[in-house]
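Each protein sequence line maps, in turn, to chains X and R. Be aware that the first sequence starts at 1, since it is given in our numbering, and climbs by one per residue. Be aware that the second sequence starts at 1001, since it is given in our numbering, and climbs by one per residue. Even for Gly, the Cβ is constructed at its ideal location relative to N, Cα and C. Keep in mind that this is a model prediction, so the values were computed, not measured.
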Amino acid sequence: MDVAIVLQAVVNGLMMGGVYALIAVGLTLIFGVMNVVNFAHGEFVMLGMVLTYLLHTFAGMDPAVSLVLVIPFMLGVGVLIQKGLISRVIGQPDEAQILLTLGLSVLLINVALLFLGPDYRSVKTSYKLSVFAAGPVLFSVPRLLAFVVAMAFSGILWLFLTRTDLGKGLRAVAEKPEVATLMGINPRKMHALAFGIGISLAAGAGSILTPFFYTFPAVGGMFVLTAFVVVVLGGMGNIPGAILGALAIGVTESLTSQFLALDLAMLGVFIIFVLVLVFKPSGILGKGKVY
Amino acid sequence: MNAAPPDRSGWVRWAPWVLLALILVFPFLFPSRYLLRTMVNIFFFAALGCAWNIIGGYAGQLSLGHAAFLAMGAYPTALLLLGYQVPPWLGFLPGVGIAVLLAFLLGHLVFGLRGPYLALSTLAFGEIVRILLLHFRDQTGGSLGVTIPFKGTDAWKLQFASEQPYYFICLGLLGFCLYVTSRVHGSRMGYYLQAIKENQDAAENLGIDLARNKVTALMISAGLTAVLGGFYVAYFYYIDPDSVCGTDLSIKILLVAIIGGVGTVWGPIIGSCILIPLTEVSNYLFGSGRAGASLIIYAVILVVVVLFSPKGLISLLPGGARSYRSE
């Protein structure tokens, strides 16, 4: 086995893993704070991609720049969805929230299908095919950019949660909702904030995916299961766990497709998933409560 | 143990029999191919909803991967028919065996999980089966699927040029699923499943064997779903991993049960009677090319049902939820 090929597969896996990380930290934040598993999470990645595609096509905006618009916009959308829909099923049986977010997912995919059609669209940037070599390993510029941006946002989220009062409020609600309420923190506001941040990060991941990934209505399905796997692997609600889990899954996927078979890439991931769920449902790093 | 006879009076007592008689003469009164196909679809999805309901509704164990069991039934049926001329009414049996065995293994593996964890693992199970079907293309035809050639009417192979035979076969299958569901509903196990659904820990403290009851329910549900997979092959003549094992299908199956009323015998029929005609209407209005429209309607109905009528539409009928649920 050629070392350079292995190294290349690992690097490719890490690049993709970075994007998975950004999607997964949003998912795990929502779970940690609200105890809601967002089955529509992949569709917010798709919305981010679609918005970026539209901004690129009609305003010539670079995907990395469009983040500045996409993230605040989706933050607002998330707050509205939380207040209008999700808040009604908080505290109800698990089924209600699973079905609600599942319904939301089907709705978003098909509304996108209605307006955009099933076509695969791509965003053409000047650096789309740029590559540079570092020793024996090649780095694709858009993938590296995505990785760097994703890691930066994950880091910003981490700082926000640990260094700001608002972030500490979120963690307080995740940790002990009753006590947080007694301390004057409004859990409803924190839920809205968590959902808004969670889906805007997913949409941001969508933005940075567009230079090297096709945009189409059902694209979210390709990420949502991976994001679940990552979140379970890292421990539901555990943010550093999600980042490490995402990188691990990215590498697993890349190595499987390199050395086993391209179409089995997801299989390895799912098998790990079921095994982790069954034998260590608290995740490899243990269940964290958003820290 | 039987459920106390529900309090029915007046038209409610006669309505089911009148309806049954109407359904039996329907294909002769309205021999329109299109109408009959719609009816077969209604029966088919009602039956799938019934099968799902045993584990998803009664036991409250949300399965998001039920399409995989349909595929278990469909693939062996299709491959045996194509490769060895085994008629579907015989060829579906190995698939049912595989589905039941797999349900046994899956059940033991995942039923320690609850809520979202269980839903996620069943979702992953469906995807694993789909990926394997796509991967072993030499055996399964991969993404091209398996096409069964139609060589004129041949009752032995369940190939008919007219719709009427399929109508009655599918009606029979629906009847069978309803029979099994109502047997489960009134049985000791049915009560156990409902206790598990209400509160697993309390059920366990009362001495109910959680694993055994849940696994048995999943095996029954999977077996019925696989039988319907066999019918799918005979009726549609074409299968591929996305159409018989996709998450979309899994969601459609649970939608039928949930919209109608989870954990009720008749709920899935109500759900199917609403969803399938809606699909037809939306295909007519918006064109079937844009499949999006009908799914938008499904999704909106699902969201509305979850928010405003979590027991399903059956609970809106006069005495609906009460008379069909054993309290």
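- For residue 1241(R), the nearest beta carbon of chain X is not closer than 8 Å to its own beta carbon.
- Residues are counted here when their Cβ sits less than 9 Å from a Cβ of chain R; for the stretch 84–112 of chain X these are 85, 88, 89, 92, 93, 94, 95, 96, 97, 98, 99, 100, 102, 103, 104, 105, 106, 107, 108, 109, 110, 111, 112, given in chain order.
- Residue 1154(R) carries a strand assignment under DSSP once its states are collapsed to helix, strand and coil.
- In the three-state reduction of the DSSP assignment, residue 133(X) falls in the strand class, which pools E and B.
- In terms of CA proximity to residue 1177(R), 1268(R) leads the group 1268(R), 1251(R), 1306(R).
- A direct Cα-to-Cα measurement between residue 1085(R) and residue 1170(R) gives close to 22 Å.
- Contacts with chain X (Cβ-Cβ distance below 8 Å) from the stretch 1115–1136 of chain R involve 1115, 1116, 1117, 1119, 1120, 1121, 1123, 1124, 1125, 1127, 1128, 1131, 1132, 1134, 1135, listed in chain order.
- With a beta-carbon spacing of about 5 Å, residue 1299(R) and residue 103(X) fall inside the 8 Å limit used to define contacts.
- Taking a cut-off of 8 Å on C-beta distances, the stretch 1107–1121 of chain R does not touch the stretch 1033–1048 of chain R, as fewer than three cross pairs fall below it.
- In the displayed model, residue 114(X) falls within a helix according to three-state DSSP.
- Sorting 280(X), 210(X), 269(X) by C-alpha distance to the C-alpha of residue 129(X) places 210(X) at the top.
- Taking a contact as a CB-CB distance under 8 Å, the pair residue 270(X) and residue 1128(R) counts as one, their CB atoms being some 5 Å apart.
- Annotated as proximal: residue 1306(R) and residue 89(X), with beta-carbon spacing under 8 Å.
- Taking CB atoms only, residue 1299(R) has a neighbour in chain X less than 8 Å away.
- Between the stretch 1093–1101 of chain R and the stretch 1074–1083 of chain R there are three or more C-beta pairs closer than 8 Å, enough to call the two in contact.
- The beta-bridge partner set that DSSP reports for residue 1085(R) is empty.
- Nearest CB-CB separation between residue 264(X) and chain R: below the 8 Å threshold.
- Assignment of alpha helix (DSSP H) within the stretch 202–238 of chain X, counting only whole runs of 4 or more residues, yields 221–234 in chain order.
- DSSP places residue 1194(R) in the uninterrupted alpha helix (DSSP H) bounded by 1188–1198.
- Taking residue 260(X) as the centre and dropping the five residues before and after it, the same chain places the C-beta of 268 closer than 8 Å to its C-beta, in chain order.
- Apart from the 5 residues on each side of it in sequence, residue 120(X) sits with its Cβ closer than 8 Å to the Cβ of 214, 215, 216 in its chain, given in chain order.
- For residue 88(X), no alpha helix (DSSP H) segment is defined, and its DSSP state is neither H nor E.
- Comparing alpha-carbon positions, the option among 77(X), 9(X), 16(X) lying closest to residue 150(X) turns out to be 16(X).
- In the structure shown, the three-state DSSP call for residue 1118(R) is helix.
- By the neighbour-count criterion, in which a residue is buried when 16 or more other Cβ atoms sit within 10 angstroms of its Cβ, residue 110(X) is buried.
- Per DSSP, the unbroken alpha helix (DSSP H) holding residue 1252(R) starts and ends at 1247–1260.
- Cβ neighbours of residue 226(X) within its own chain (closer than 7 Å, five residues either side excluded): 20, 249, 269.
- Interface annotation, residue 1031(R): not in contact with chain X, CB-CB separation never under 8 Å.
- Below 8 Å, too few C-beta pairs join the stretch 80–97 of chain X and the stretch 160–167 of chain X to call them touching: fewer than three.
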